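For what it's worth, UniProt numbering labels the leading residue of the sequence shown as 1, then goes sequentially.
Right, one structure below, let's go through it.
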Amino acid sequence: MKAALLLAIPVRRLFSSPEPLSMKVDLFNDASRNSTKLPGFGSLFLFLGLVTNCQAYWLMAANNVLTTQRIDPVVDPGQVSTHVHSILGGSNFGLNTSTAALRLSECTSIPVREDKSNYWYPIYRSARLLVQRYAWDDNGLSRRCDPTLRTFDPSSFAQHAVTFLCLNFNGVSARFDELPGHRCPSGIRSQINFPSCWDGVNIDSVDHQSHVAFLSSGPDNGTCSDPRFPKTLPRIFLEVYWYTQAFDESRRHAKVPSQPFVFSNGDPIGYSYHADFINGWDVGVLEGAVNECNCNPYGDPSCCIAKGIFSMNQFNRSYISNIVDELTLGSLDALPGNNPVQAHCYETFVDPVTPALLSPVYALHSTDQPPPRGTVSLSAQTAIVSQTATGRCIGNRARGLAPSGVMAILSALILLSVRPLI
Numbered sequence: 001m002k003a004a005l006l007l008a009i010p011v012r013r014l015f016s017s018p019e020p021l022s023m024k025v026d027l028f029n030d031a032s033r034n035s036t037k038l039p040g041f042g043s044l045f046l047f048l049g050l051v052t053n054c055q056a057y058w059l060m061a062a063n064n065v066l067t068t069q070r071i072d073p074v075v076d077p078g079q080v081s082t083h084v085h086s087i088l089g090g091s092n093f094g095l096n097t098s099t100a101a102l103r104l105s106e107c108t109s110i111p112v113r114e115d116k117s118n119y120w121y122p123i124y125r126s127a128r129l130l131v132q133r134y135a136w137d138d139n140g141l142s143r144r145c146d147p148t149l150r151t152f153d154p155s156s157f158a159q160h161a162v163t164f165l166c167l168n169f170n171g172v173s174a175r176f177d178e179l180p181g182h183r184c185p186s187g188i189r190s191q192i193n194f195p196s197c198w199d200g201v202n203i204d205s206v207d208h209q210s211h212v213a214f215l216s217s218g219p220d221n222g223t224c225s226d227p228r229f230p231k232t233l234p235r236i237f238l239e240v241y242w243y244t245q246a247f248d249e250s251r252r253h254a255k256v257p258s259q260p261f262v263f264s265n266g267d268p269i270g271y272s273y274h275a276d277f278i279n280g281w282d283v284g285v286l287e288g289a290v291n292e293c294n295c296n297p298y299g300d301p302s303c304c305i306a307k308g309i310f311s312m313n314q315f316n317r318s319y320i321s322n323i324v325d326e327l328t329l330g331s332l333d334a335l336p337g338n339n340p341v342q343a344h345c346y347e348t349f350v351d352p353v354t355p356a357l358l359s360p361v362y363a364l365h366s367t368d369q370p371p372p373r374g375t376v377s378l379s380a381q382t383a384i385v386s387q388t389a390t391g392r393c394i395g396n397r398a399r400g401l402a403p404s405g406v407m408a409i410l411s412a413l414i415l416l417s418v419r420p421l422i
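As structure tokens, then:
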């Protein structure tokens, strides 16, 4: 997932794009918790709602990153997004997509061949609200994210849903509400809990979040006791591993050596972090996996494959050519979209460059040769962020943090889990 962390150092050095991630999918359902089948949901919500008294859990390592571009078909459909995301999954990803379109993908970067879903997150962008969005119904979407958030509210369940672990595999790993302000020996893991309570009526809402809520005692504890959100959904938990230790020797050159990383939306703190999902599983496969894929406690999917629930190929690769005509990886003078680095509050800004769109988009199985490039089809429309800044802004000082040198993309590991309420 290229939507990785970006390192700002005043040295022009080219870094390659992030390589394979891993995604752990834990699927559980507890009938005693009144898990619900959502009307009209043809994807994950539906399938999980159909399960009774069963567990499912499997681990899969994504074969590669599909693409890294300024695209978000849920929040900014048909437009160039305000910031960059890294995308995994089905090759029919684009400015506009749907479950039906994803199921027709020529290939997928997920090793489970039947999973042509798309998973994406900012190359470090918005993460404060817990989830970015997830699509359950074939076209029903839900999202939790505020790309402008720069402050922390300790009373907010939504903000407690996002945490960061400073990993130390030879010692003690510490948890933080923001990106750790010091070196982490084994990298950083970002973690997001999705809301588990549903209003029982709407599969989406204007803000993509008002139709769902968190549990009564927090993101991962309690019940759906609020009468406005009486229906319980299986808990979804997304983990992304960032290989920050690769830049330990470069930290001293950063403008802020203690925390030299920034998300692609200009957030160097992490309160706006998020992740997204649009369902693209073949019809019936995910339901079967949720009911039957419970090989062992370690996520080994071998019995699922043996049962014919799904098939896996960990050697196939899937990429797509650029849709937005701009450079998002390597040595960059600024964050794509002209996102300023803003630490203490968010100020609106203008992107003076409107990139062109390329067509057609090619699905590729290798990067051994230079990828084909579409031709310019039309000028893009760029999504405009119009939120009003709140709190104490740091104004030009924030923009002064923008690097004059390289923005380096890190590799990442992704873990997605859906767990029972306990």
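We put the beta carbon where it would ideally sit given N, CA and C, even for glycine.
It should be emphasised that the depicted structure is a prediction, and the values quoted were computed from it without experimental measurement.
Inclusion of K116 and L102 in the CB contact set at 8 Å is warranted, their separation being smaller than that value.
Taking 8 Å as the cut-off, the beta carbon of Y273 is found no closer than this to the beta carbon of N64. Taking a 10 Å sphere around the C-beta of T348, we find fewer than 16 other C-beta atoms and assign the residue as exposed.
F157 carries a helical assignment under DSSP once its states are collapsed to helix, strand and coil. When C-alpha distances from P352 are compared across T367, A334, V361, the shortest belongs to A334. The beta carbon of S359 sits closer than 6 Å to those of G374, S377, all from its chain and outside the five residues before and after it, given in chain order. When the alpha-carbon of V262 is set against those of N92, I87, S321, R150, the nearest one is in R150. Look at the stretch 218-273 and you find no whole run of alpha helix (DSSP H) that is 4 residues long or longer. Taking C-beta separations shorter than 7 Å and ignoring five residues to either side along the sequence, the partners of N221 in its chain run L215, following chain order.
In the structure shown, L215 adopts extended strand secondary structure according to DSSP, grouped into three states.
Beta-bridge partners assigned by DSSP to Y362: none are found. DSSP places A174 outside any alpha helix (DSSP H); the residue lies instead in the beta strand (DSSP E), whose first and last residues are 174-176.
Annotation: G89 to S109 spans about 5 Å, alpha carbon to alpha carbon. Assigned with DSSP and collapsed to three states, S302 falls in helix. Residue nearest to P195 within the set C184, P185, H208, I188 is H208 (criterion: CA-CA distance). Membership of V341 in any alpha helix (DSSP H) is not indicated, and neither H nor E is assigned to it by DSSP. Distances from the alpha-carbon of F169 to those of N313, Y243, E326 put Y243 closest.
By the neighbour-count criterion, in which 16 or more other beta carbons inside 10 Å mark a residue as buried, E239 falls on the buried side. Secondary structure of V206 (DSSP, three-state): coil. In this structure, F164 lies away from S186, with their beta-carbon atoms at least 8 Å apart. Per DSSP, L102 is not a residue of any beta strand (DSSP E); the alpha helix (DSSP H) it occupies stretches across 99-103.
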